[in-house]
Amino acid sequence: MSRRIMLVTHPTRSDVPHLASRFAELLGRHGIEVEVVPEADPTHQVVGDSEVVALKSPVPAHVDATGYELVVVFGGDGTILRGAEIARPAGTPLLGVNLGRVGFLAEAEKDDIEAIVARIVDRDYLVERRMTLEVDVVHHGRVVCHNWALNEASVEKSARERMLELAVEVDGRPLSTWGCDGVVMSTPTGSTAYAFSGGGPILWPDVQALLVVPISAHALFARPVVLGPDTHLAVEVVPNSHVTGVMWCDGRRTVELPPGARIEVRRSATPVLLARMGTGPFTDRLVAKFALPVSGWRGPAGGQSEATA
Numbered sequence: 206m207s208r209r210i211m212l213v214t215h216p217t218r219s220d221v222p223h224l225a226s227r228f229a230e231l232l233g234r235h236g237i238e239v240e241v242v243p244e245a246d247p248t249h250q251v252v253g254d255s256e257v258v259a260l261k262s263p264v265p266a267h268v269d270a271t272g273y274e275l276v277v278v279f280g281g282d283g284t285i286l287r288g289a290e291i292a293r294p295a296g297t298p299l300l301g302v303n304l305g306r307v308g309f310l311a312e313a314e315k316d317d318i319e320a321i322v323a324r325i326v327d328r329d330y331l332v333e334r335r336m337t338l339e340v341d342v343v344h345h346g347r348v349v350c351h352n353w354a355l356n357e358a359s360v361e362k363s364a365r366e367r368m369l370e371l372a373v374e375v376d377g378r379p380l381s382t383w384g385c386d387g388v389v390m391s392t393p394t395g396s397t398a399y400a401f402s403g404g405g406p407i408l409w410p411d412v413q414a415l416l417v418v419p420i421s422a423h424a425l426f427a428r429p430v431v432l433g434p435d436t437h438l439a440v441e442v443v444p445n446s447h448v449t450g451v452m453w454c455d456g457r458r459t460v461e462l463p464p465g466a467r468i469e470v471r472r473s474a475t476p477v478l479l480a481r482m483g484t485g486p487f488t489d490r491l492v493a494k495f496a497l498p499v500s501g502w503r504g505p506a507g508g509q510s511e512a513t514a
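Each residue of the sequence shown is one higher than the one before, starting from 206 at the first, in the working numbering.
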């Protein structure tokens with residue numbers, strides 16, 4: 206059976222055509238086919254029962270990664286999240302090649318194309334399961350939108366001059382009500398993304414947990430909260446607030462939230478599979494991506510480490 210790779214690329218970067226051609230050429234020498242996912246209509250929308258979910262750089266409806274060995278992405282974290290929309294339903298591992306700035310979800314940089322190809326040819330990579338979220342929007346007792354997220358589901362105010370009043374519920378019990386700019390409900394993978402920008406803690410990817418981070422909340426209790434993986438979260442736009450909000454999933458899929466809308470979040474049974482070529486610990490990735498200072502560290506028990514030798 207022929208080996209096939211699906212390639213998802215950043216839509217506007219000038220270096221993408223050359224990189225994609227080089228990638229396909231190198232793999233083609235080993236009999237591995239590469240199919241590039243086309244861009245869809247940027248104005249495309251998916252209509253639910255009664256709500257319209259707007260999509261940012263949507264995936265064409267006919268794209269199916271079933272039977273492909275990998276979904277490889279050339280781009281930043283936003284493009285990798287687009288690739289996750291293709292890889293997740295097919296259960297196909299996702300491999301990110303960073304063309305952006307931080308590229309926290311990426312496994313390699315664009316200068317590593319030859320090494321990436323060699324590892325793909327030899328099937329020399331590991332597959333890591335990353336937790337995702339199932340997200341429902343409920344209004345008047347009816348689910349009007351169902352979605353999912355790899356990084357986070359966020360609820361945000363739609364008017365800059367008004368605060369959003371949100372009631373937060375954990376496992377059917379009230380936790381707090383916040384007047385705020387919004388709230389982020391994150392996976393460990395997403396703890397280094399929007400949740401991190403909002404002052405939340407970094408969770409290691411193998412931690413099974415949910416993270417709740419209020420954004421600019423006016424309340425005595427407005428701290429990030431780490432919850433168990435089987436927690437059922439709910440955030441409700443307070444009905445008498447007369448302020449509307451918006452919900453985002455991974456910063457790509459959005460739906461408007463009228464007063465009284467309820468967002469229910471729980472762990473999904475369907476993970477995203479990430480292809481990993483490095484064997485180093487998450488600490489090394491954290492230090493490299495955020496350029497954290499480590500001078501003076503002498504290694505375990507005061508020994509000289511390779512990193513500081």
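Note that the Cβ used here is the ideal one computed from N, Cα and C, for glycine as well.
Any 3 or more C-beta pairs closer than 8 Å across the stretch 261 to 270 and the stretch 432 to 441: Taking 8 Å as the limit for Cβ pairs, the verdict is that the stretch 432 to 441 does not touch the stretch 261 to 270.
Short check: CB of Met452 to CB of Val360, under 7 Å? yes
Taking the alpha-carbon positions, what's the Ala427 to Val388 distance? 10 Å
If you draw a straight line from the C-alpha of Asp341 to the C-alpha of Asn352, how long is it? 6 Å
Can you grab the Cα-Cα spacing for the pair Thr397 / Pro498, in whole Å? 17 Å
Tell me which same chain residues have a C-beta within less than 8 Å of the C-beta of Pro410, skipping the five on either side of it? Glu333, Arg335, Pro393, Thr394, Phe487
Pick out whichever of Asp455, Phe495, Met206 has its Cα sitting closest to the Cα of Glu339. For Glu339, the nearest C-alpha among the options comes from Asp455.
Where Glu256 and Pro429 are concerned, what is the direct C-alpha to C-alpha distance, given to the nearest angstrom? Because the pLDDT of Glu256 is 47, which lies under 50, any placement of that residue in the model is unreliable, and the number read from its coordinates should be weighed accordingly. One C-alpha to the other measures close to 30 Å.
Segment limits, alpha helix (DSSP H) that includes Thr283: Reading off the sequence, residue 283 comes out as Gly, not Thr. Unbroken alpha helix (DSSP H) run through Gly283: 282 to 295.
From Val326 to Leu224, what distance separates their C-alpha atoms? Going by C-alpha positions, Val326 is about 17 Å away from Leu224.
According to DSSP, Ala358 sits in a beta bridge with which residue or residues? Met390, Cys454
Looking at C-alpha atoms only, which residue of Ala358, Leu299, Asp489, Pro243 is the closest neighbour of Val460? Ala358
Option in Leu232, Trp383, Gly272 with minimal Cα separation from Leu425: Trp383
Reduced DSSP secondary structure (H/G/I, E/B, other) of Gly377: Of the three classes helix, strand and coil, the one that applies to Gly377 here is coil, per DSSP.
Just the C-alpha distance for Arg306 and Pro222, rounded to the nearest angstrom, thanks. Looking at the two C-alpha atoms, the distance is approximately 19 Å.
Give me the Cβ distance between Gly213 and Thr284, rounded to the nearest whole Å; I'm assuming they're in contact under 8 Å. The sequence as given places Val at residue 213; Gly does not occur at that position. With a Cβ gap of about 6 Å, Val213 and Thr284 count as contacting.
Within 7 Å, strictly: CB atoms of Leu331 and Arg490: 7 Å or more divides the Cβ of Leu331 from the Cβ of Arg490.
Leu416 and Gly403 closer than 7 Å at C-beta: no
Kindly indicate which residue of Ile407, Gly301, Arg328 has the alpha-carbon position closest to the one of Asp317. Gly301
Return the first residue and the last residue of the beta strand (DSSP E) that Thr214 is part of. 208 to 214
Shortest alpha-carbon distance to Val322 belongs to which of Pro216, Glu238, His344, Arg458? Glu238
Can you give me the start and stop residues for the beta strand (DSSP E) that Pro434 sits inside? Where Pro434 is concerned, there is no enclosing beta strand (DSSP E), given that its DSSP letter is neither H nor E.
Where does Arg472 fall in DSSP's three states? DSSP places Arg472 in strand when its eight states are reduced to three.
For Gly433, collect the residues of the same chain with a Cβ closer than 7 Å to its Cβ; drop the 5 residues on either side in sequence, then sort them by chain order. Cβ neighbours of Gly433 beyond the five flanking positions: Ala414.
Reference Ala422; option with closest CA among Val448, Pro464, Leu371, Arg472: Leu371
Put Val221 into one of helix, strand or coil per three-state DSSP. helix
I'd like the span of the alpha helix (DSSP H) that includes Arg334, first residue to last. First-last for Arg334: 331 to 335, but that is the beta strand (DSSP E), not the alpha helix (DSSP H).
Going by CA-CA distance only, name the one from Gly296, Arg365, Ile210, Gly377 that's closest to Ala474. Gly296
Under 7 Å between the Cβ atoms of Met206 and Tyr273? Against a cut-off of 7 Å, the Cβ pair of Tyr273 and Met206 comes out as no contact.
Short Cβ contact (7 Å threshold) for Val448 with Arg367: yes
Reducing DSSP to helix, strand and coil, say where Gly395 ends up. It is helical.
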